[in-house]
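S.K.: Pasting a structure below so you can have a look.
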């Protein structure tokens with residue numbers, strides 16, 4: 001009995017010390033897929049739920065730009081992050097992070113795809129029509145907001161965006177890219193479909209005035225991945241908490257606020273489509289300069 005008690009204490013102590021190895025809380029990074037205030041409002045209840053279940057406070061770190069997350073993950077000693085598909089692919093390759101789970105969207109998908117869009121009254125319908133126009137990207141470290149469009153342009157014989165477009169701009173977030181076109185500041189835009197749908201739910205003009213010109217292959221939704229040296233016990237607990245939310249009344253309410261149906265398991269292999277799109281865009285992740293110019 002004494003030996004059993006010692007063993008239980010050792011497991012608990014190991015879990016507690018591992019959880020606190022970077023500090024007295026779990027630090028989770030968030031990419032700026034939308035306005036930072038909206039991003040915090042969406043994720044905070046999820047953080048509170050995880051904190052309540054684990055007994056460890058969850059602190060979200062909002063990043064000012066997508067490209068910062070690889071560098072900041074190390075410098076800020078983050079325990080995990082809700083990576084986008086491209087930043088997730090980079091983090092897997094460069095940092096060895098371990099994906100745990102990702103949300104199932106309200107439309108039933110656990111993936112998203114990129115849209116290239118323009119105003120319906122712009123007359124722009126093809127890649128050829130985009131020549132000499134102004135295009136709004138999101139950031140160079142996004143699949144939907146840059147990597148897929150670059151693959152699309154390469155497929156259509158567009159080799160240099162500097163000469164093909166009159167102007168290009170990095171909006172910094174998907175909703176900002178959408179509004180840049182909606183408000184006629186730019187002619188063509190790029191964004192992820194889930195954010196396109198989210199903005200459309202609050203602003204009917206999106207569906208009424210914007211036309212989808214191209215759609216990317218599906219890639220995994222923003223999911224939680226953690227540092228490779230986080231304790232196995234804590235990794236397991238975090239994954240179980242997320243995967244069982246839809247079976248818990250409090251978890252169901254949190255999911256409603258998060259605008260998701262449930263979480264599902266995510267693996268490194270789920271990011272293979274991202275690597276494929278990058279190859280089609282002529283991008284080598286090992287040498288890619290993902291900071292905006």
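Numbering (my numbering), first residue to last: 1 to 293. All C-beta atoms in this analysis are idealised placements derived from N, C-alpha and C, irrespective of residue type, glycine included.
1. Going by CA-CA distance only, name the one from 243, 173 and 62 that's closest to residue 49.
2. Between 286, 281 and 287, which has its C-alpha nearest residue 148's C-alpha?
3. Let me make sure I understand the geometry here. Which of 192, 69 and 124 has the alpha-carbon closest to that of residue 94?
4. Where does the unbroken beta strand (DSSP E) through residue 184 begin, and where does it stop?
5. Please report how far the alpha carbon of residue 39 lies from the alpha carbon of residue 117, in whole angstroms.
6. Measure the C-alpha to C-alpha separation of residue 210 and residue 182 and round it to an integer number of angstroms.
7. For the segment 205 to 235, list the alpha helix (DSSP H) runs that are entirely contained and at least 4 residues long, ordered along the chain.
8. Between 105, 55, 288 and 291, which has its C-alpha nearest residue 297's C-alpha?
9. Quick one: Cα of residue 297 to Cα of residue 135, how far?
10. Could you check whether the segment 118 to 138 touches the segment 257 to 275, counting it as contact only if at least three pairs of C-beta atoms, one from each stretch, sit closer than 8 Å?
11. Could you work out which residue in 24, 229 and 37 is closest to residue 173 when comparing CA atoms only?
12. Can you give the beta carbon distance from residue 25 to residue 225, rounded, assuming they're within the 8 Å contact cut?
13. DSSP on residue 157, reduced to helix/strand/coil?
14. Among 289, 164, 27 and 57, which one has its Cα closest to the Cα of residue 133?
15. Using the three-state DSSP reduction, which class does residue 193 fall into: helix, strand or coil?
16. If you measure between the beta carbons of residue 207 and residue 191, is that distance less than 8 Å?
17. Which two residues bound the contiguous alpha helix (DSSP H) that contains residue 274?
18. Which full runs of the beta strand (DSSP E) of 3+ residues lie inside the segment 27 to 65, going along the chain?
19. Since residue 104 sits in a beta bridge, which residues does DSSP pair it with?
20. Considering only the alpha carbon of each residue, which of 234, 87, 283 and 100 lies closest to residue 32?
21. Please state whether the Cβ-Cβ distance between residue 30 and residue 60 is less than 8 Å.
22. Suppose the cutoff is 6 Å on Cβ atoms and the five residues either side in sequence are ignored; what does the same chain contact list for residue 214 look like?
23. Among the candidates 138, 63 and 217, whose CA atom is the shortest distance from the CA of residue 273?
24. Is residue 76 near residue 27, with beta carbons less than 8 Å apart?
25. Any idea if residue 222 is buried or exposed, counting beta-carbon neighbours within 10 angstroms, 16 or more meaning buried?
M.R.: To lay it out plainly:
1. 243
2. 281
3. 69
4. Segment: none, residue 184 is in no beta strand (DSSP E) and carries neither H nor E.
5. 23 Å
6. 7 Å
7. 205 to 209
8. Residue 297 lies beyond the stretch modelled for the chain, which goes from 1 to 293, so this question has no answer here.
9. One cannot answer for residue 297 here, as it falls past the ends of the chain, which runs 1 to 293.
10. no
11. 37
12. 18 Å between Cβ atoms; not a contact.
13. coil
14. 164
15. helix
16. no
17. 272 to 280
18. 57 to 62
19. 262
20. 87
21. yes
22. 116 and 152
23. 217
24. yes
25. buried
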